[in-house]
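>
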Amino acid sequence: MLVTGVPECCGVAWRAWDYFVYDGALGNNAGLQMVKQLGLHLVSKLRHDSTLYFPFAGEYAGKGKPRKYGEQLTINTLPEDSLRGRTVKKDVETSLHQVQVWHKNFPDLLNVVVIVKRNLKTGRVAKALLFSDDLELKFPNNYLW
Numbered sequence: 033m034l035v036t037g038v039p040e041c042c043g044v045a046w047r048a049w050d051y052f053v054y055d056g057a058l059g060n061n062a063g064l065q066m067v068k069q070l071g072l073h074l075v076s077k078l079r080h081d082s083t084l085y086f087p088f089a090g091e092y093a094g095k096g097k098p099r100k101y102g103e104q105l106t107i108n109t110l111p112e113d114s115l116r117g118r119t120v121k122k123d124v125e126t127s128l129h130q131v132q133v134w135h136k137n138f139p140d141l142l143n144v145v146v147i148v149k150r151n152l153k154t155g156r157v158a159k160a161l162l163f164s165d166d167l168e169l170k171f172p173n174n175y176l177w
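Written out as C-alpha cells, the structure reads:
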C-alpha cells in the first residue's frame, strides 16, 4: 500500500509519500532493499521473536573490526527513556517504546517501536515490533503504521 497525502499529527506535518507501508510480508531485508530502490522508506512489522541488539556502547578494543552489536533487546532491557506512552484499559497495560537497534539480517540500524501489552490480572506479556529504516521518523508518527 502506497500512502499519499500530507497528514498532520500532533502539530507536525510529514510527507507520507516518502513511506511504503506494508504488513509483515516485507518485514525482511529483501523487502527493505526493494523499497529502498524505489527511493522510499519502508514501514513494516518484524516478527515478534526477532533478535535485536542495541548498538555497542563500549570502547574500541584496539585491534580488529569495532564491535557493532551490544546488549540484546528484551522487554527487560528496554531503557526508561525509550518509553513514549503507556495506557491501561480493561486490565491490559500497553507500553510503547521507540529504540534504534541492529538486526543481524539488516545492514543498517532500524528505528523500532516496541508495543508491549501486559495483562495485569494474569501477568501474561505480548509484544509487537514495528520498524522503519528512516531513523528520523519520530513517535507518534510511526505508531500510525
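Counting in my numbering, the sequence shown runs from 33 upward without gaps.
Ideal placement from N, C-alpha and C gives every residue a C-beta, glycine not left out.
Being a predicted model, the structure only gives us computed values, none of them experimental.
1) Would you give the residue range spanned by the alpha helix (DSSP H) that L74 belongs to?
2) Within a Cβ cutoff of 6 angstroms, which residues of the same chain sit near V67, ignoring the five residues on either side of it in sequence?
3) Hey, out of G90, S82, G96, K121, whose CA is closest to I107's CA?
4) Any contact of the stretch 143-152 with the stretch 59-66, i.e. 3+ C-beta pairs under 8 angstroms?
5) Between the alpha carbons of K206 and I147, how many angstroms are there, rounded?
6) Measuring only the C-alpha atoms, how far is L84 from P139?
7) Is S164 closer than 8 angstroms to N137 when the C-beta atoms are compared?
8) Are the beta-carbon atoms belonging to L128 and F86 less than 8 angstroms from one another?
9) Answer with buried or exposed for L161, where buried requires no fewer than 16 other C-beta atoms within 10 angstroms of its C-beta.
10) Please state whether the Cβ-Cβ distance between S76 and G56 is less than 8 angstroms.
11) Which residue or residues does DSSP assign as beta-bridge partners of G117?
12) Could you tell me whether the Cβ atoms of Q132 and R116 are closer together than 8 angstroms?
13) Cα-Cα, which of L141, E125, G155, L70 is closest to Y101?
To lay it out plainly:
1) To locate residue 74, count along the sequence shown from 1; it is residue 42. That residue, L74, is in no alpha helix (DSSP H); its beta strand (DSSP E) goes 73-78.
2) As a position in the sequence shown, residue 67 is number 35, starting the count at 1. Result list for V67: F52, L74, in chain order.
3) For the purposes of this step, residue 107 is taken as residue 75 along the sequence shown, with counting starting at 1. Checked all of G90, S82, G96, K121; the closest Cα to I107 is S82.
4) no
5) The structure shown does not extend to residue 206, since the chain is modelled only from 33 to 177, so the question has no answer here.
6) Counting from 1 along the sequence shown, the entry for residue 84 is found at position 52. Counting from 1 along the sequence shown, the entry for residue 139 is found at position 107. Distance between the alpha carbons of L84 and P139: 13 angstroms.
7) By 1-based counting over the sequence shown, the position of residue 137 is 105. By 1-based counting over the sequence shown, the position of residue 164 is 132. No, they are not a contact pair.
8) Along the sequence shown, read from residue 1 onward, the residue named residue 128 stands at position 96. Along the sequence shown, read from residue 1 onward, the residue named residue 86 stands at position 54. Not in contact: L128 and F86 (Cβ atoms no closer than 8 angstroms).
9) Taking the first residue of the sequence shown as 1, we reach residue 161 at position 129. The C-beta of L161 has 16 or more other C-beta atoms within 10 Å across all chains shown, which makes the residue buried.
10) In the sequence shown, the residue the question calls residue 76 occupies position 44. In the sequence shown, the residue the question calls residue 56 occupies position 24. Against a cut-off of 8 angstroms, the Cβ pair of G56 and S76 comes out as a contact.
11) To locate residue 117, count along the sequence shown from 1; it is residue 85. Looking at the DSSP assignment, G117 forms a beta bridge with L128.
12) Numbered from its first residue, the sequence shown carries residue 132 at position 100. Numbered from its first residue, the sequence shown carries residue 116 at position 84. No, they are not a contact pair.
13) Along the sequence shown, one-based indexing puts residue 101 at 69. Of the candidates L141, E125, G155, L70, the one whose C-alpha sits nearest the C-alpha of Y101 is L141.
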